[in-house]
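J.: Going by numbering that gives the first Met the number 0, 295 is the number at position 296 of the sequence shown; the sequence numbering is gapless.
Just so it is clear, CB atoms sit at the ideal spot from N, CA and C, and this is done for glycine as well.
Note that this is a predicted model, so its numbers are computed, not measured.
First the structure, which I've put down as structure tokens, then a few questions once you've had a look.
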Amino acid sequence: MTFFRPSFRHPQLPANQAGYYLRDYEGGISTLCAGCGHDSINGAIIQACYELSLEPHRIVKLSGIGCSSKSPAYLLSAAHGFNSVHGRMPSIVTGANMANRELLYLGISGDGDTASIGMGQFVHAVRRNLNMVYIVMNNGCYGLTKGQYSATADKGSVGKKGEPNLLESIDLCEIAIQLGAGFVGRSFSGDKQQLVPLLKAAMSHIGMAFIDVISPCVTFNNTPTSTKSYHWVREHSEATSTFDFVPFRQEITTDYENGSTEAVTLHDHSVIYLHKKDPEVAVTDRRQAVDALEEHKEEGLILTGVLYVDPESEDTHTILNTSERPLNSLEQAELCPGSAALKEINEELR
Ligand SMILES: Cc1ncc(C[n+]2csc(CCOP(=O)(O)OP(=O)(O)O)c2C)c(N)n1
Ligand code: SF4
Ligand SMILES: [Mg+2]
Numbered sequence: 000m001t002f003f004r005p006s007f008r009h010p011q012l013p014a015n016q017a018g019y020y021l022r023d024y025e026g027g028i029s030t031l032c033a034g035c036g037h038d039s040i041n042g043a044i045i046q047a048c049y050e051l052s053l054e055p056h057r058i059v060k061l062s063g064i065g066c067s068s069k070s071p072a073y074l075l076s077a078a079h080g081f082n083s084v085h086g087r088m089p090s091i092v093t094g095a096n097m098a099n100r101e102l103l104y105l106g107i108s109g110d111g112d113t114a115s116i117g118m119g120q121f122v123h124a125v126r127r128n129l130n131m132v133y134i135v136m137n138n139g140c141y142g143l144t145k146g147q148y149s150a151t152a153d154k155g156s157v158g159k160k161g162e163p164n165l166l167e168s169i170d171l172c173e174i175a176i177q178l179g180a181g182f183v184g185r186s187f188s189g190d191k192q193q194l195v196p197l198l199k200a201a202m203s204h205i206g207m208a209f210i211d212v213i214s215p216c217v218t219f220n221n222t223p224t225s226t227k228s229y230h231w232v233r234e235h236s237e238a239t240s241t242f243d244f245v246p247f248r249q250e251i252t253t254d255y256e257n258g259s260t261e262a263v264t265l266h267d268h269s270v271i272y273l274h275k276k277d278p279e280v281a282v283t284d285r286r287q288a289v290d291a292l293e294e295h296k297e298e299g300l301i302l303t304g305v306l307y308v309d310p311e312s313e314d315t316h317t318i319l320n321t322s323e324r325p326l327n328s329l330e331q332a333e334l335c336p337g338s339a340a341l342k343e344i345n346e347e348l349r
């Protein structure tokens, strides 16, 4: 059941460049447990869309099944939405994306939804470099079905039931980098300062922008020895860099000539300025990005921030040379090339 917010807001709240107010990006009132990390991520998504002045009706929010996958009910009520079957969000995005490339596709999933039942769907969406923002709300457990360990739970971490997780964990960011995602980042639900610009950069990237957000489940997996707990993440995370995101439309006024700053220009001419903490980590080098993740893991640290960007990446539409216009805007003459063209194609195949 969805409860709607009262429509009254303070009359002096500012509108963004597109003329929308923050409330235009909100959704129904959350029914998640108080303190659940997923709610904070939803707040960050709303903030990022507002700050980028996106038109809500140009956004499509899609999910699978899980507490995390309930998110589309809690944000962007004016956007298009699709709550799919468990683990099947990527194929629904693929179909919608192929039919209309002009919309922004926001896929919201959980670690169970993506790393277990949806793993086959996830890897193929990544290797196609599908043009979408793929957000995993990663709590290391199946929150909705009462806290079983998920495939991203770290080996040895201990949830509420007291038994340690005996199995190796899957690092979705490493897989995304290895399989060709053009933008990969990791963050923490409790770090809005990092998460909002990371989301804005992901929303401006063309191709697969994958973000893994550690999001504690306060009901089943927020124990001191769980590596997905508030306490653990605050004590053990390290950022690749601090960064600024400057959308294309915004005038660039700051001087970034500092030797430890790297500017990465995205396809849409937006720029990410990375103020590096560790100049050894080159986020535009796939191999170094994976090495950095593994090295930090060996030290018991979680690496956050922008982990990898490929400014030259080609998304599915470019690779497959698809129609530039939404399919529903094509006329019959464009859809049916006529018998002469058909004959020519058939001749080529003989
Ligand atoms: C086909 C199918 N199998 C199993 C389930 C039961 N189920 C519902 S949610 C869920 C896991 C959710 O975990 P996750 O994606 O991590 O989301 P969270 O609740 O932790 O946010 C499972 C196994 C289901 N709904 N459908
Ligand atoms: S069970 Fe866990 S993941 Fe689900 S709403 Fe509650 S705190 Fe969040
Ligand atoms: Mg989960």
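1. Nearest-angstrom Cα distance between Ala339 and Asn345?
2. Could you check the C-alpha separation between Gly357 and Ile301 for me, to the nearest Å?
3. Using 7 Å as the cut-off, classify the Cβ of Thr144 as near or not near the heavy atoms of ligand 1, replying yes or no.
4. Under 6 Å Cβ to Cβ from Leu102, same chain only, skipping five residues before and after it: list those, please.
5. Out of Asn220, Leu143, Ser108, point me to the one whose CA is closest to Met131's CA.
6. By DSSP's criteria, Asp211 is part of a beta bridge. Which residues make up the other side?
7. Can you check which of these residues, Lys154, Ala114, Ser115, Gly179, is closest to Asn128 by C-alpha distance?
8. Any chance you could list the alpha helix (DSSP H) runs of at least 4 consecutive residues sitting entirely within the segment 268-340, in chain order?
9. Under DSSP, the alpha helix (DSSP H) around Asn41 begins and ends at which residues?
10. Taking 8 Å as the cut-off, does the segment 194-203 touch the segment 6-17 (at least 3 CB pairs, one atom from each stretch)?
11. Which value, in whole angstroms, describes the spacing of the CA atoms of Glu256 and Phe81?
12. For Cys216, which residues from the same chain have a beta carbon less than 6 Å from its beta carbon, with the 5 sequence-adjacent residues on both sides left out?
13. Please tell me whether, using a cut-off of 7 Å, the distance from the CB of Val59 to the nearest non-hydrogen atom of ligand 1 is below it.
14. Pull up the DSSP beta-bridge partners for Val59, would you.
15. Is the distance from the Cβ of Lys160 to the Cβ of Gly181 below 8 Å?
16. Indicate the three-state DSSP secondary structure (helix, strand or coil) for Phe121 in the structure shown.
17. So the candidates are Ser214, Gly34, Val84, Ser76; which of them puts its Cα closest to the Cα of Tyr24?
18. Assuming Val305 and Ala200 are in contact, meaning their beta carbons sit under 8 Å apart, how far apart are those beta carbons, in whole angstroms?
19. Taking contact to mean at least 3 C-beta pairs separated by less than 8 Å, is the segment 148-168 in contact with the segment 226-237?
20. For Pro89, which three-state DSSP category applies?
21. Please state if the CB of Ser203 and the CB of Pro246 are separated by a distance shorter than 8 Å.
22. Please state the DSSP three-state secondary structure of Thr224.
23. Can you have a look at His37 and say buried or exposed, based on whether 16 or more other CB atoms are within 10 angstroms of its CB?
24. Let me check understanding here. Comparing Cα to Cα, which of Ala288, Asn220, Tyr272 lies closest to Pro163?
25. Looking only at DSSP bridge pairs, what is Ser236 linked to?
26. Compare the Cα-Cα distances from Thr218 to each of Glu311, Phe3, Cys35 and report the closest residue.
27. Give me the Cα-Cα distance between Cys335 and Leu319, rounded to the nearest whole angstrom.
28. If contacts are defined as beta-carbon pairs under 8 Å, then Val92 and Leu51 qualify, I think. What distance do you get, rounded to the angstrom?
29. If we call anything under 8 Å between Cβ atoms a contact, is Val135 one with Asp170?
30. Just tell me which of Leu53, Gly42, Ala288 has its CA closest to the CA of Ala17.
31. Do Ala95 and Tyr104 count as a contact pair if the criterion is CB distance below 8 Å?
32. For Leu74, is the beta carbon positioned less than 7 Å from some heavy atom of ligand 2?
33. With a CB to CB cut of under 8 Å and the five nearest residues on each side skipped, what residues in its chain are close to Gly117?
34. Using a Cβ-Cβ cutoff of less than 6 Å, which residues in the same chain neighbour His268 once the five nearest sequence positions on both sides are dropped?
35. Less than 7 Å between the CB of Ser67 and some heavy atom of ligand 1, yes or no?
T.: Looking at the atomic coordinates:
1. To locate residue 339, count along the sequence shown from 1; it is residue 340. To locate residue 345, count along the sequence shown from 1; it is residue 346. Cα-Cα distance, rounded: 10 Å.
2. Nothing can be reported for residue 357, as the shown portion of the chain is limited to 0 through 349.
3. Taking the sequence shown and counting its residues from 1, one reaches residue 144 at position 145. Yes, ligand 1 has a heavy atom inside 7 Å of this Cβ.
4. Walking along the sequence shown from the start, residue 102 turns up at place 103. If we look at Leu102 and ignore the five residues flanking it on each side, its Cβ neighbours are Arg57, Val59.
5. Locating residue 131 in the sequence shown gives position 132, where the first residue counts as 1. With distances taken between Cα atoms, Met131 lies closest to Ser108.
6. Here residue 211 is taken as the residue at index 212 of the sequence shown, counted from 1. In DSSP, Asp211 forms a bridge with Val135, Arg185.
7. For the purposes of this step, residue 128 is taken as the residue at position 129 of the sequence shown. The candidate whose alpha carbon is nearest that of Asn128 is Gly179.
8. You should have 285-297, 315-319, 331-334.
9. As a first step, residue 41 must be located in the sequence shown, where it is residue number 42. Segment 36-50, the alpha helix (DSSP H) holding Asn41.
10. no
11. To locate residue 256, count along the sequence shown from 1; it is residue 257. To locate residue 81, count along the sequence shown from 1; it is residue 82. At Glu256, the pLDDT of 48 sits below 50, so the modelled position is not reliable and the matter cannot be decided from this model.
12. Here residue 216 is taken as the residue at index 217 of the sequence shown, counted from 1. Here the set comprises Asn138, Cys140, Gly142.
13. Taking the sequence shown and counting its residues from 1, the one referred to as residue 59 is at position 60. Result no, Cβ not under 7 Å from ligand 1.
14. Within the sequence shown, the letter at position 60 stands for residue 59. His79, Tyr104, per the DSSP bridge assignment.
15. Locating residue 160 in the sequence shown gives position 161, counting from the first residue. Locating residue 181 in the sequence shown gives position 182, counting from the first residue. Pairing Lys160 with Gly181 gives a Cβ-Cβ distance that is not under 8 Å.
16. Position 122 of the sequence shown holds residue 121. The answer is helix: DSSP assigns Phe121 an H, G or I state.
17. Working through the sequence shown from its first residue, we reach residue 24 at position 25. Of Ser214, Gly34, Val84, Ser76, the residue nearest in Cα terms is Ser76.
18. The residue you call residue 305 lines up with position 306 of the sequence shown. The residue you call residue 200 lines up with position 201 of the sequence shown. Indeed, because the Cβ distance is near 7 Å, the residues count as touching under 8 Å.
19. yes
20. For the purposes of this step, residue 89 is identified with residue 90 of the sequence shown, where counting begins at 1. Three-state DSSP puts Pro89 in a helix.
21. The sequence position of residue 246 within the sequence shown is 247, counting from 1. The sequence position of residue 203 within the sequence shown is 204, counting from 1. Yes.
22. In the sequence shown, counting from the first residue as 1, residue 224 sits at position 225. Of the three classes helix, strand and coil, the one that applies to Thr224 here is coil, per DSSP.
23. On the sequence shown, residue 37 is found 38 positions in, with the first residue counted as 1. That one is buried.
24. Position 164 of the sequence shown, counting from 1, holds the residue named residue 163. Checking every option, the nearest Cα to that of Pro163 belongs to Asn220.
25. Looking up residue 236 in the sequence shown gives position 237. Ile301.
26. Walking along the sequence shown from the start, residue 218 turns up at place 219. Answer by Cα proximity: Cys35.
27. Here residue 335 refers to the residue found at position 336 when the sequence shown is read from its first residue. Here residue 319 refers to the residue found at position 320 when the sequence shown is read from its first residue. Approximately 19 Å, taken between the alpha carbons.
28. Here residue 92 is taken as the residue at index 93 of the sequence shown, counted from 1. Here residue 51 is taken as the residue at index 52 of the sequence shown, counted from 1. Contact flag wrong, Cβ pair sits at about 19 Å.
29. By one-based count along the sequence shown, residue 135 stands at place 136. By one-based count along the sequence shown, residue 170 stands at place 171. Taking 8 Å as the Cβ cut-off, Val135 and Asp170 do not qualify as a contacting pair.
30. Numbered from its first residue, the sequence shown carries residue 17 at position 18. Comparing Cα positions, the closest option is Leu53.
31. Residue 104 sits at position 105 when you count from the first residue of the sequence shown. Residue 95 sits at position 96 when you count from the first residue of the sequence shown. Yes. Within cutoff.
32. Working through the sequence shown from its first residue, we reach residue 74 at position 75. Every heavy atom of ligand 2 is 7 Å or more from the Cβ of Leu74, so no.
33. Position 118 of the sequence shown, counted from the first residue, corresponds to residue 117. Hits under 8 Å: Gly63, His85, Gly86, Arg87, Met88, Pro89, Ser108.
34. Along the sequence shown, read from residue 1 onward, the residue named residue 268 stands at position 269. Within the same chain, His268 has close Cβ partners Phe247.
35. Locating residue 67 in the sequence shown gives position 68, where the first residue counts as 1. Inclusion of Ser67 in the 7 Å shell around ligand 1 follows from its C-beta lying nearer than that to a non-hydrogen atom of the ligand.
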